[in-house]
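The next block holds one structure in the form of structure tokens; read it before the comments.
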Amino acid sequence: MGRFLLKKLVAATGFPAHRKELRACGRDPVPLPQQRTRRDFGCRPSVQRSTRTGENLSKVGRSQGCFTPCLVQVKWKGKDLFDLVCRTLGLRETWFFGLQYTIKDTVAWLKMDKKVLDHDVPTEEPVTFHFLAKFYPENAEEELVQEITQHLFFLQVKKQILDEKIYCPPEASVLLASYAVQAKYGDYDPNVHKRGFLAQEELLPKRVINLYQMTPEMWEERITAWYAEHRGRARDEAEMEYLKIAQDLEMYGVNYFAIRNKKGTELLLGVDALGLHIYDPDNRLTPKISFPWNEIRNISYSDKEFTIKPLDKKIDVFKFNSSKLRVNKLILQLCIGNHDLFMRRRKADSLEVQQMKAQAREEKARKQMERQRLAREKQMREEAERTRDELERRLMQLKEEATMANEALMRSEETADLLAEKAQITEEEAKLLAQKAAEAEQEMQRIKATAIRTEEEKRLMEQKVLEAEMLALKMAEESERRAKEADQLKQDLQEARESERRAKQKLLEISSKSSYTQSVNSSTTALPTDLPSFNLISESLSFDFKDTDMKRLSMEIEKEKVEYMEKSKHLQEQLNELKTEIEALKLKERETALDILHNENASRGNSKHNTIKKQ
Numbered sequence: 001m002g003r004f005l006l007k008k009l010v011a012a013t014g015f016p017a018h019r020k021e022l023r024a025c026g027r028d029p030v031p032l033p034q035q036r037t038r039r040d041f042g043c044r045p046s047v048q049r050s051t052r053t054g055e056n057l058s059k060v061g062r063s064q065g066c067f068t069p070c071l072v073q074v075k076w077k078g079k080d081l082f083d084l085v086c087r088t089l090g091l092r093e094t095w096f097f098g099l100q101y102t103i104k105d106t107v108a109w110l111k112m113d114k115k116v117l118d119h120d121v122p123t124e125e126p127v128t129f130h131f132l133a134k135f136y137p138e139n140a141e142e143e144l145v146q147e148i149t150q151h152l153f154f155l156q157v158k159k160q161i162l163d164e165k166i167y168c169p170p171e172a173s174v175l176l177a178s179y180a181v182q183a184k185y186g187d188y189d190p191n192v193h194k195r196g197f198l199a200q201e202e203l204l205p206k207r208v209i210n211l212y213q214m215t216p217e218m219w220e221e222r223i224t225a226w227y228a229e230h231r232g233r234a235r236d237e238a239e240m241e242y243l244k245i246a247q248d249l250e251m252y253g254v255n256y257f258a259i260r261n262k263k264g265t266e267l268l269l270g271v272d273a274l275g276l277h278i279y280d281p282d283n284r285l286t287p288k289i290s291f292p293w294n295e296i297r298n299i300s301y302s303d304k305e306f307t308i309k310p311l312d313k314k315i316d317v318f319k320f321n322s323s324k325l326r327v328n329k330l331i332l333q334l335c336i337g338n339h340d341l342f343m344r345r346r347k348a349d350s351l352e353v354q355q356m357k358a359q360a361r362e363e364k365a366r367k368q369m370e371r372q373r374l375a376r377e378k379q380m381r382e383e384a385e386r387t388r389d390e391l392e393r394r395l396m397q398l399k400e401e402a403t404m405a406n407e408a409l410m411r412s413e414e415t416a417d418l419l420a421e422k423a424q425i426t427e428e429e430a431k432l433l434a435q436k437a438a439e440a441e442q443e444m445q446r447i448k449a450t451a452i453r454t455e456e457e458k459r460l461m462e463q464k465v466l467e468a469e470m471l472a473l474k475m476a477e478e479s480e481r482r483a484k485e486a487d488q489l490k491q492d493l494q495e496a497r498e499s500e501r502r503a504k505q506k507l508l509e510i511s512s513k514s515s516y517t518q519s520v521n522s523s524t525t526a527l528p529t530d531l532p533s534f535n536l537i538s539e540s541l542s543f544d545f546k547d548t549d550m551k552r553l554s555m556e557i558e559k560e561k562v563e564y565m566e567k568s569k570h571l572q573e574q575l576n577e578l579k580t581e582i583e584a585l586k587l588k589e590r591e592t593a594l595d596i597l598h599n600e601n602a603s604r605g606n607s608k609h610n611t612i613k614k615q
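Letter by letter, the sequence shown follows residues 1 to 615 in full-length UniProt numbering.
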């Protein structure tokens, strides 16, 4: 008897594919916001006991307080509750996930074949279950098919890196942060993503921030520089790139357990998708010894003692003790699950997985075509806008030319008027001078006729005649000069009128061009406005792993590792470049033990994969 309350689901519903699946099950999908933060992850079913019998009220909801009521039977097993969550999320790759709870400071997972209330759950109410990834893929790009699965892993791995549960070197942290920003904000736009737009975002582990003498603005500048290079990547592509980088981190997907060997030495046992690893407590990056799944024959425990039997009988059996029986149960549970997935990866895909991959490919192709269509429409819009801007610019240029031509015409007309007026004045002056010259000539003749009486009168007369002749000569020269000036003014007037005629002709030509440009601009086809918006009760248990061709699997694993390392060379070069760039700002006194170990491994050329290979 109990009352169940699923309080918090992953904020990842709303994708078209699994929304259809939810409706096929007769359920409406829970609407969730488009933007998500790392705190959105985690399904939290809460169990509250009730006095009612037969059925229990359950609510499935998200962090914003939107709940979907449903009835949960008391006899429900863990699988029933787990399936309810998966259906709500539209999740089909359920083998990676589980419902986790905490009992006496120890993590435990809800068993699928056991009733929920029969588990050793806490007595406090309500009891909280976390919907988390229990097993990790070897290659996220090949194994994670559904977009919702990829998104859930992205959110969980990102949270583990920021919480420093997975060690990540500084240069890789910056690169991962840039992909996280691309997944959230889309393509970089300097007009939208201005300085300080990442101020409220949690993108880097605090260890990395404290390790360097850098301001938040400097970190944002480096993250933005990488972010700008991811243009054109969709959200699911950016999240997958994040996982592809994170899966190469040494602590990715490893569950650590404190153990003691026969001598009482404290050690750490790591369980992951590749096998079992033994670590020194102070070095979680490099295992002292590793047991790949294809080299393990049997794993068993008795009380607190755990036994690992290698496939090669020449290798000694490894035994260790854990602190609690419950821990051994959890270790065996993780070993069985990881080994099953390890073997499944090396077999042909099941029909269900094949169908999922086919659907994923179709969905990916559809989205790619949609992105290409939107890109083409965006390009056409930009080209049309550029053409419109060019036509507007040309129209303005023609208007300016027309204005200048009008002004030139007005100046020409004014000049012609002035020249005509000046020519008229000159003609009048010339006539006046000619009249004066005639009067002077008459005066000279009169003087000659009357100058006869005395010598003095004759001399005076001769002097006056000479003066009159000189005056007449000057008057004649001035009259001739004025006549020439009048002729020149007439010629200037003719040239001014010819210039006026040419200016009027040019104005007519410009007016004709302007009318043609306006006609072309008005006939441009208008842009479309309706563009689409764009997952042991007994004291002794054992489990045998048998395979007829383990040597072949080993060679297959080795070949896959070599191919993957070749693909990672280019990315490593980019990370080394960023590491060199920020190395000068590092504060050596703030380096943690993991930082020192990572640097030593890097200087020796050790990585997650070749360390296991050497052992």
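Glycine included, each C-beta is placed from N, C-alpha and C at the ideal position.
Requested in this report: Counting only runs of 3+ residues fully inside the region 293-334, write out the beta strand (DSSP E) ranges in chain order.
Outcome: 296-302, 305-310 and 318-322
Requested in this report: Return the chain-ordered list of same chain residues with a C-beta closer than 8 Å to the C-beta of residue 504, the five sequence neighbours on each side being excluded.
Outcome: Taking the sequence shown and counting its residues from 1, one reaches residue 504 at position 504. Closer than 8 Å at Cβ, skipping near neighbours: 409.
Report task. Report all residues from its chain with a CB closer than 7 Å to the CB of residue 141; omit the five preceding and five following residues, and keep chain order. Result -> In the sequence shown, counting from the first residue as 1, residue 141 sits at position 141. Excluding sequence neighbours, residue 141 sits near 240 and 244.
Query raised in the report: Among 81, 174 and 166, which has the Cα closest to the Cα of residue 130?
Result: Translated into the one-based positions of the sequence shown, residue 130 becomes position 130. Nearest C-alpha to residue 130: 81.
Query - Nearest residue (CA-CA) to residue 475, options 450, 586 and 440 - result: By 1-based counting over the sequence shown, the position of residue 475 is 475. Comparing Cα positions, the closest option is 440.
**Report entry** Spatial distance of residue 329 from residue 153 (CA atoms)
**Finding:** For the purposes of this step, residue 329 is taken as residue 329 along the sequence shown, with counting starting at 1. For the purposes of this step, residue 153 is taken as residue 153 along the sequence shown, with counting starting at 1. Going by the C-alpha atoms only, they are around 25 Å apart.
**Report entry** the region 577-588 in contact with the region 208-218 per 3-pair CB rule at 8 Å
**Finding:** yes
Query - Residues of its chain near residue 166, where Cβ-Cβ distance is below 6 Å and the 5 sequence neighbours each way are ignored - result: Within the sequence shown, residue 166 is the residue found at index 166, counting from 1. Here the set comprises 160, 249, 251 and 252.
**Report entry** C-alpha gap between residue 447 and residue 473, whole angstroms
**Finding:** Walking along the sequence shown from the start, residue 447 turns up at place 447. Walking along the sequence shown from the start, residue 473 turns up at place 473. Going from the Cα of residue 447 to the Cα of residue 473 covers about 17 Å.
Query - For residue 164, the three-state DSSP class (helix, strand or coil) - result: Here the question's residue 164 lines up with position 164 in the sequence shown. Residue 164 falls in the coil class under three-state DSSP.
Report task. Report all residues from its chain with a CB closer than 6 Å to the CB of residue 256; omit the five preceding and five following residues, and keep chain order. Result -> Position 256 of the sequence shown holds residue 256. Correct list, in chain order: 268 and 270.
Query raised in the report: Considering residue 108, what are the terminal residues of the beta strand (DSSP E) in which it resides?
Result: Locating residue 108 in the sequence shown gives position 108, counting from the first residue. 106-109 is the span of the beta strand (DSSP E), which, as asked, contains residue 108.
Query - For residue 280, three-class secondary structure by DSSP - result: Locating residue 280 in the sequence shown gives position 280, counting from the first residue. Strand.
Query raised in the report: If you compare alpha carbons, which of 89, 119 and 86 is closest to residue 102?
Result: Stepping through the sequence shown from its first residue, residue 102 is reached at position 102. The residue with the shortest Cα to Cα distance from residue 102 is 119.
Report task. Answer with buried or exposed for residue 60, where buried requires no fewer than 16 other C-beta atoms within 10 angstroms of its C-beta. Result -> For the purposes of this step, residue 60 is taken as the residue at position 60 of the sequence shown. Confidence in residue 60 is poor, its pLDDT being 34 and thus under 50, which makes the residue's placement too unreliable to answer from.
Report task. Specify whether the region 312-325 and the region 348-360 touch according to this definition: at least 3 beta carbon pairs, one from each stretch, less than 8 Å apart. Result -> no
Query raised in the report: Which residues mark the beginning and the end of the alpha helix (DSSP H) in which residue 82 is found?
Result: Residue 82 sits at position 82 when you count from the first residue of the sequence shown. First-last of the alpha helix (DSSP H) with residue 82: 78-89.
Query - Cβ pair residue 115, residue 79 closer than 7 Å - result: For the purposes of this step, residue 115 is identified with residue 115 of the sequence shown, where counting begins at 1. For the purposes of this step, residue 79 is identified with residue 79 of the sequence shown, where counting begins at 1. No. Outside cutoff.
Query raised in the report: When the cut-off is 7 Å and only beta carbons count, does residue 589 lie next to chain C?
Result: The structure shown contains no chain C, having only a single protein chain.
Query raised in the report: Exposed or buried, residue 196, counting other C-beta atoms within 10 Å across all chains shown (16 or more means buried)?
Result: Numbered from 1 along the sequence shown, position 196 holds the residue referred to as residue 196. The residue in question, residue 196, is exposed, as its Cβ has fewer than 16 Cβ neighbours within 10 Å.
Requested in this report: Starting from the C-beta of residue 276, find all residues in its chain whose C-beta is less than 6 Å away, skip the five residues before and the five after it, and write them out in chain order.
Outcome: Along the sequence shown, one-based indexing puts residue 276 at 276. Contacts found: 291.
Requested in this report: Take residue 111 and list the residues in its own chain whose beta-carbon comes closer than 6 Å to its own, dropping the five residues that flank it on each side.
Outcome: The sequence position of residue 111 within the sequence shown is 111, counting from 1. Excluding positions up to five away in sequence, the list reads 78.
Report task. Label residue 147 either buried or exposed according to how many other C-beta atoms from any shown protein chain fall within 10 Å of its C-beta, with 16 as the threshold for buried. Result -> Reading the sequence shown from its first residue, position 147 is the one you call residue 147. With a 10 Å radius around the Cβ and a threshold of 16 neighbouring Cβ atoms, residue 147 comes out buried.
**Report entry** Burial state of residue 412, where buried means 16 or more other Cβ atoms lie within 10 Å
**Finding:** Reading the sequence shown from its first residue, position 412 is the one you call residue 412. It counts as buried.
Report task. State the Cα-Cα distance for the pair residue 606 and residue 176, rounded to the nearest angstrom. Result -> Sequence index remark: in the sequence shown, residue 606 carries index 606 (1-based). Sequence index remark: in the sequence shown, residue 176 carries index 176 (1-based). Spanning the two alpha carbons is a distance of roughly 21 Å.
Report task. Would you tell me roughly how many angstroms separate the C-alpha atoms of residue 597 and residue 265, rounded to the nearest one? Result -> One-based indexing of the sequence shown puts residue 597 at position 597. One-based indexing of the sequence shown puts residue 265 at position 265. Straight-line Cα distance between these residues: approximately 21 Å.
Query - Collapsed DSSP secondary structure at residue 271 in the structure displayed - result: Within the sequence shown, numbered from 1, the residue matching residue 271 stands at position 271. In the structure shown, the three-state DSSP call for residue 271 is strand.
Query raised in the report: Whole-angstrom Cβ separation of residue 422 and residue 489, contact assumed at under 8 Å?
Result: Taking the first residue of the sequence shown as position 1, residue 422 is located at position 422. Taking the first residue of the sequence shown as position 1, residue 489 is located at position 489. Sure, about 6 Å apart at Cβ, within 8 Å.
Query raised in the report: Given a threshold of 16 other Cβ atoms within 10 Å of its Cβ, counted over all protein chains shown, does residue 191 qualify as buried or as exposed?
Result: Here residue 191 is taken as the residue at index 191 of the sequence shown, counted from 1. Of the residues assessed, residue 191 falls on the exposed side of the cut-off, its CB having fewer than 16 other CB atoms within 10 angstroms.
Query raised in the report: So what does DSSP say about residue 360, is it helix, strand or coil?
Result: Working through the sequence shown from its first residue, we reach residue 360 at position 360. If DSSP states are grouped into helix, strand and coil, residue 360 belongs with the helices.
Query - residue 401 versus residue 500: straight-line alpha-carbon distance, rounded - result: Here residue 401 corresponds to residue number 401 of the sequence shown, with the count starting at 1. Here residue 500 corresponds to residue number 500 of the sequence shown, with the count starting at 1. C-alpha separation (whole angstroms): 17 Å.
Query - residue 598: first and last residue of the uninterrupted alpha helix (DSSP H) it sits in - result: On the sequence shown, position 598 is the one that residue 598 refers to. That run of the alpha helix (DSSP H) goes 593-604.
Requested in this report: To the nearest angstrom, report how far apart residue 306 and residue 595 are at their CA atoms.
Outcome: For the purposes of this step, residue 306 is taken as the residue at position 306 of the sequence shown. For the purposes of this step, residue 595 is taken as the residue at position 595 of the sequence shown. Their Cα atoms are separated by approximately 32 Å.
Report task. To the nearest angstrom, report how far apart residue 133 and residue 604 are at their CA atoms. Result -> By 1-based counting over the sequence shown, the position of residue 133 is 133. By 1-based counting over the sequence shown, the position of residue 604 is 604. If you take the alpha carbons of residue 133 and residue 604, they lie about 33 Å apart.
Requested in this report: Quick one: residues in its chain with C-beta nearer than 6 Å to the C-beta of residue 602, no 5 flanking neighbours on either side, listed in chain order?
Outcome: Reading the sequence shown from its first residue, position 602 is the one you call residue 602. Excluding sequence neighbours, residue 602 sits near nothing in its chain.
**Report entry** CB of residue 106 within 7 Å of CB of residue 344, strictly
**Finding:** Along the sequence shown, one-based indexing puts residue 106 at 106. Along the sequence shown, one-based indexing puts residue 344 at 344. Against a cut-off of 7 Å, the Cβ pair of residue 344 and residue 106 comes out as no contact.
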